[in-house]
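Q: In the UniProt record's numbering, the protein residues as written are 1 to 103. Even glycine gets a Cβ: it sits at the ideal position worked out from N, Cα and C. Fair warning: this is a prediction, and the values are worked out from it, not measured in the lab. First, the structure itself, so that you have it in front of you.
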């Protein structure tokens with residue numbers, strides 16, 4: 001302990017969280033084409049997505065779902081141990097596979 005104090009070393013408690021932009025460019029914001037119309041008149045007209053994370057004994061598990069607003073049914077989902085773009089891509093592709101199987 002004496003050596004640490006003599007060298008002027010200190011423990012780092014936590015990390016500073018940066019707010020706002022994490023790179024030199026702002027994030028892209030998609031156009032709001034749904035305009036809060038959450039009651040479409042036909043199936044497969046409007047889909048919404050969500051990503052949630054679930055704590056497990058092995059770490060975090062990320063779950064992405066695709067929901068059809070007309071039927072309120074989950075039409076695609078994907079789970080991964082890392083939140084990457086593939087998570088959402090696989091959820092969207094799962095819908096394509098499911099719709100082909102129903103035909």
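So if DSSP puts residue 73 in a beta bridge, which residue, or which two residues, is it bridged to?
A: Numbered from its first residue, the chain shown carries residue 73 at position 73. 68.
Q: In three-state DSSP terms, what is residue 82?
A: On the chain shown, residue 82 is found 82 positions in, with the first residue counted as 1. In the structure shown, residue 82 sits in coil (DSSP, three-state: anything other than H, G, I, E or B).
Q: Please report the Cβ distance between residue 48 and residue 64, rounded to the nearest whole angstrom; I am assuming they are in contact, meaning their Cβ atoms lie under 8 Å.
A: The count along the chain shown starts at 1 and reaches residue 48 at position 48. The count along the chain shown starts at 1 and reaches residue 64 at position 64. Not a contact, Cβ separation roughly 12 Å.
Q: Quick one: using the 10 Å Cβ neighbour count with 16 as the cut-off for buried, is residue 8 buried or exposed?
A: Sequence index remark: in the chain shown, residue 8 carries index 8 (1-based). Exposed, since its Cβ has fewer than 16 Cβ neighbours within 10 Å.
Q: Between which two residues does the alpha helix (DSSP H) harbouring residue 33 extend?
A: Along the chain shown, one-based indexing puts residue 33 at 33. First-last for residue 33: undefined, no H or E at that position.
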